[in-house]
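Protein chains in written order, with the numbering used here: chain A, 7 to 638; chain B, 7 to 638.
Everything below concerns the one structure shown next.
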């Protein structure tokens with residue numbers, strides 16, 4: 007049992023993939039943490055924009071959140087159709103590729119990738135921010151806490167979603183139960199009395215500083231839309247569901263969207279009834295909207311702390327949604343040649359290791375750059391998601407159009423989805439352009455350019471290695487085999503014997519002047535030894551004996567004189583290939599590497615890199631002290 | 007012109023070694039900085055021990071320094087004999103090895119190596135300490151300054167002593183001129199008047215706190231002996247001298263020792279005449295003994311600052327003596343197999359790169375561990391040097407004894423040297439045992455044990471790779487050649503063609519199920535393509551066509567199924583060797599490495615490490631985009 011088995015678990019076979027798949031019970035926490043977590047900052051963001059209106063702002067919270075919930079409902083029905091139409095993978099990238107072509111699909115891929123990375127950074131830093139405001143003594147450790155969370159979520163995902171389940175399931179379901187319960191209790195209270203009494207009254211709202219303007223309401227809507235990121239996750243993660251796939255996917259999507267909708271609607275209703283407004287985060291005594299809401303309904307008892315703890319955990323772990331979506335998206339993009347092939351390769355635990363590492367690395371880099379406080383990145387955040395929604399729905403519209411008229415209703419549904427998410431996208435872009443949305447507008451084309459460059463490299467690689475047609479054999483003359491010989495020992499004996507099995511034309515190459523100036527060489531002794539021990543016995547068998555060639559290496563580098571020799575051999579007999587045989591001792595222990603010069607390894611690297619096209623480089627390995635090895 | 011050429015200079019050929027050798031003018035600064043620098047802290051250390059005696063202590067400074075100078079004289083004449091007897095290398099290691107045997111030579115080597123490393127750390131930190139007390143605003147940067155100096159001296163030495171000359175020569179000669187001049191001027195002044203008038207009077211001495219004891223005087227002597235480290239350098243560096251070697255070596259040794267002796271004697275005389283004592287370093291207003299001496303003779307004019315600047319530079323750069331001695335010592339020890347072979351290999355500039363790097367690394371580690379303040383290491387410091395002196399002189403005594411009676415005078419000289427340095431060693435050990443000398447007594451045996459372990463590894467390696475005797479050829483049947491084939495393309499075509507030139511028994515191995523679950527394989531298409539493009543054309547030529555073998559790799563690792571196949575082949579025909587041919591694309595640019603999975607490289611490493619003794623692993627390289635390569 008080695009270290010990686012301990013950390014990541016044993017290596018899984020392909021056939022074990024089925025056992026790793028998940029049902030809706032595991033999928034809701036795995037894919038839904040982002041959506042659930044955003045129910046806390048969506049309404050909060052809306053109410054923050056409405057602060058200048060004072061108590062008057064509560065009039066608008068209902069309509070604004072209503073628009074968002076309506077949009078969510080449209081998205082839900084549109085995505086149900088997408089899942090049905092693309093049961094193996096209904097991500098925006100696939101839908102766009104099949105229906106809209108290359109560039110829209112790359113646009114969707116780039117937008118989604120950026121969004122996934124932002125989601126990790128923003129989610130973790132928001133969670134840690136909330137944690138720190140609850141326990142101020144953690145304040146000096148914001149960045150380390152963020153990085154530890156990213157690291158833990160990364161490790162859990164490198165082990166595979168299955169095992170990672172309980173880590174995410176516990177806070178997710180606790181959160182759902184607590185907050186849906188609190189809201190239901192609050193709504194029942196509202197239904198009984200006409201003027202409810204709060205358990206703990208929220209702080210009074212400031213007087214209105216200005217009147218409502220269209221700009222302000224657009225801004226409130228745009229800010230609230232951050233609550234809807236994460237809906238894409240289910241369509242992207244279809245491959246993780248076990249049978250019955252469709253039922254699991256539907257249930258997962260339904261639960262996430264319904265819970266999110268209920269939370270948004272409930273928060274809006276209770277906030278306006280109890281006059282809960284957003285508070286200034288930078289001021290002393292700040293309390294989040296959900297914290298005020300819990301206090302109003304249930305007071306500051308044990309329930310309050312359990313519910314807040316579940317909220318904190320959900321926020322901290324909301325990054326996990328990205329870890330489910332990002333590697334799968336990258337796998338598809340890589341399989342099409344727009345990302346390095348390694349992104350498409352399942353690792354030890356059948357997860358896409360490279361994607362997980364890349365996501366963690368990029369998010370960690372963002373967090374380090376911003377010192378763990380990524381508030382400024384939030385405006386950049388919803389754009390990717392809404393861009394993806396719009397492209398996906400537009401693709402679905404095209405999908406139904408290519409089919410027959412029978413699908414008119416479905417077409418309409420997706421067209422409505424495309425139009426409404428597109429409209430929301432335009433509103434978000436306008437409202438948040440100056441706050442940082444323009445950065446996304448720069449980053450997306452850059453990402454697309456990189457994807458295209460990678461693709462063109464693979465195309466040119468494919469062209470270079472193109473199918474050669476039927477094999478032709480002009481010559482199958484055995485190659486000249488050069489055997490690197492340090493001395494006449496068992497290592498070189500084995501190499502010479504192997505060389506003689508593949509070609510009668512064997513030359514032993516021994517470098518002289520390698521040890522620097524003032525070194526004794528013993529050239530004569532080696533020549534004599536060679537004659538007695540090698541040449542004469544082989545000649546006695548009637549075979550052509552291998553010559554011994556002494557090559558000066560006055561610059562103490564092996565590859566240069568050897569490459570010159572090979573060039574000369576190539577020039578002398580251009581039809582003959584050259585093979586270099588390098589005997590190499592295999593070092594099993596780290597300290598052995600310190601005691602050997604690794605000349606063999608370095609020579610091999612140089613020859614492979616600089617040798618001509620007709621050169622083959624072979625290693626004859628000798629494992630030290632492992633066994634009594636036969637001499638051949 | 008690449009980066010390493012810019013930093014280190016072009017690669018030198020062996021024959022250029024003669025041009026790199028140095029004469030006495032360059033050798034005095036290269037080998038003498040340690041000795042010259044120690045003239046500043048030797049008398050200072052003695053006077054510090056004498057502080058409790060107050061002005062009365064000045065009575066003893068003369069005799070104590072007198073003893074040290076006498077010891078220096080004995081050492082000078084002893085070492086002259088050593089140089090004459092061992093004109094190529096007269097280091098203690100060689101002398102002990104030839105005359106006293108293995109363990110004394112390892113004792114000398116270990117003591118010297120530890121001393122060289124300590125000298126770098128202590129010298130640099132002493133220099134920086136003096137610099138910081140002159141310019142207090144540098145105080146926060148003690149450790150970075152130390153590391154920068156080690157780095158600069160390391161770079162200068164990696165380029166080679168020749169070019170490094172001016173960096174060390176300027177401060178060395180300036181120091182000699184300034185201080186010998188000042189002392190001469192001071193002595194002349196002393197000779198003219200009977201009570202001299204100081205230019206600036208030294209601070210008055212404290213009243214005596216105690217009387218002189220033997221313990222105190224022993225301690226004063228032991229502390230002053232640090233002035234003598236560095237005398238060994240010339241004998242160790244004989245290989246650096248150009249013709250006439252003996253004259254250059256004699257002159258270098260003479261200049262270093264005479265200057266050191268004059269400085270010691272002069273400082274002692276002037277200090278006792280003007281009543282200069284050591285001051286407490288930890289107190290405000292501290293001035294070193296040499297600073298007081300300059301002020302007394304010449305006041306605080308431009309000369310004072312020039313002389314002090316040269317002293318600072320000499321102290322900072324005194325580490326260079328170690329850089330001359332340590333790599334050469336390691337080279338000899340490594341050539342005998344007690345250190346990794348890499349220590350014996352001259353690098354790009356014909357210097358022993360590994361030794362230089364190791365010395366810099368160890369010294370940097372010491373400096374970092376102690377935060378750049380290595381005062382506590384000074385007591386450990388002289389022991390190595392005096393241990394070396396004693397062993398070297400004892401070895402020379404033995405050397406003359408083995409010869410005839412004719413060398414009686416020389417024998418006596420070296421015996422006196424051995425006895426006196428041995429006596430000094432005992433005094434130092436006793437006086438400084440509790441202060442840290444015991445650490446050296448622990449470190450030396452540990453170092454010797456490591457040297458012996460390395461040697462025994464090389465001996466067992468030699469035994470394993472022993473000379474096999476005359477070659478025997480039971481079978482020269484061609485091997486089974488396994489060609490790793492990803493697809494039928496120009497890469498695999500070249501590999502198959504090469505395989506056919508070395509053996510008729512070629513098998514193409516294609517891995518399936520490598521891409522993870524749910525992947526399309528196209529096995530049928532590949533089989534069909536293989537039949538049409540490879541098997542049929544080759545069969546048409548009347549040759550045995552290479553089979554295509556599809557091997558499942560359900561764990562997505564190539565080496566395991568391949569090793570199983572090789573095991574099976576070995577079992578089926580134990581007399582037949584197996585060769586694996588891996589086609590590999592050569593990546594010239596760093597970004598290409600990101601875009602390829604490097605499966606070829608990883609497979610090769612695993613096969614070499616884990617393959618059986620009869621396995622050969624060959625790479626058929628394909629350099630991308632470098633040239634229109636011929637297909638063979």
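Glycine included, C-beta positions come from ideal geometry on N, C-alpha and C.
Under the DSSP assignment, residue 400(B) falls in the alpha helix (DSSP H) whose first and last residues are 387 to 408. DSSP places residue 517(B) in the uninterrupted beta strand (DSSP E) bounded by 512 to 518.
Beta-bridge pairing by DSSP links residue 587(A) to 489(A) and 624(A). Counting only runs of at least 4 residues, the region 202 to 290 of chain B fully encloses the following alpha helix (DSSP H) elements, listed from N- to C-terminal order: 220 to 230, 239 to 242 and 251 to 280. About 5 angstroms separates the Cβ atoms of residue 513(B) and residue 488(B), confirming a contact at the 8 angstroms cut-off.
With respect to chain A, the C-beta atom of residue 483(B) has a partner C-beta closer than 8 angstroms. Taking CB atoms only, residue 491(A) has no neighbour in chain B less than 8 angstroms away.
A buried status is given to residue 502(A), since no fewer than 16 other beta-carbon atoms sit within 10 Å of its beta-carbon. The C-beta of residue 622(A) comes closer than 8 angstroms to at least one C-beta of chain B.
By the CB criterion at 8 angstroms, residue 41(A) and residue 244(A) fall outside the cutoff. In the displayed model, residue 592(B) falls within a strand according to three-state DSSP. Here residue 25(A) is exposed. Its C-beta has fewer than 16 other C-beta atoms within 10 Å. Below the 7 angstroms Cβ cutoff, chain B contributes 346, 460 and 463 as neighbours of residue 601(A), in chain order.
The closest CA to that of residue 458(A), considering only 74(A), 11(A), 109(A) and 84(A), is found on 109(A). Chain-ordered, the chain A residues with CB closer than 8 angstroms to the CB of residue 351(B) read 521, 522, 562 and 603.
Residue 629(A) has 592(A) as its beta-bridge partners, per DSSP. Residue pairing for residue 553(A): DSSP places it in a beta bridge opposite 513(A).
Residue 354(B) and residue 14(B) do touch by the CB rule: their CB atoms are close to 6 angstroms apart, below 8 angstroms. Contact between the region 332 to 345 of chain A and the region 452 to 469 of chain A is present: three or more C-beta pairs spanning the two stretches fall below 8 angstroms. Using a 10 angstroms sphere on the CB of residue 581(A), the tally of other CB atoms stays under 16, which defines it as exposed. Note: residue 28(B) is bridge-paired with 247(B) in the DSSP secondary-structure output. Residue environment for residue 447(B): exposed (fewer than 16 other C-beta atoms within 10 angstroms of its C-beta). Around the C-beta of residue 615(B), fewer than 16 other C-beta atoms lie within 10 Å, and the residue is accordingly described as exposed.
The beta-carbon distance between residue 483(A) and residue 507(B), rounded to whole angstroms, is 6 angstroms. This is short enough to meet the 8 angstroms contact definition. Its chain contains 59 and 66 as the residues whose beta carbon lies nearer than 7 angstroms to that of residue 218(A), once the 5 sequence neighbours on both sides are disregarded; these appear in chain order. Contact between the region 410 to 424 of chain B and the region 371 to 384 of chain B is absent, with fewer than three C-beta pairs closer than 8 angstroms.
DSSP places residue 494(A) outside any alpha helix (DSSP H), giving it a letter other than H or E. When 626(A), 493(A) and 233(A) are compared, the shortest CA-CA separation from residue 270(A) is found for 233(A). Taking residue 112(A) as the centre and dropping the five residues before and after it, the same chain places the C-beta of 454 and 457 closer than 6 angstroms to its C-beta, in chain order. Contacts with chain A (Cβ-Cβ distance below 7 angstroms) from the region 486 to 520 of chain B involve 494, 495, 496, 497, 499, 502, 503, 504, 506, 507, 508, 509 and 519, listed in chain order. Around the CB of residue 157(A), fewer than 16 other CB atoms lie within 10 Å, so the residue is classed as exposed.
Here residue 292(A) really is in contact with residue 139(A); their C-beta atoms are around 7 angstroms apart, less than 8 angstroms. Collapsing the DSSP output to three states places residue 560(B) in coil. A Cβ-Cβ distance of about 7 angstroms is found for the pair residue 283(B) and residue 57(B), placing them in contact under the 8 angstroms criterion. Counting along the chain, no alpha helix (DSSP H) covers residue 376(B), and no H or E run does either.
Using a CB distance below 7 angstroms, the part of the region 10 to 29 of chain B facing chain A consists of 17, 19, 20, 21 and 23, ordered along the chain.
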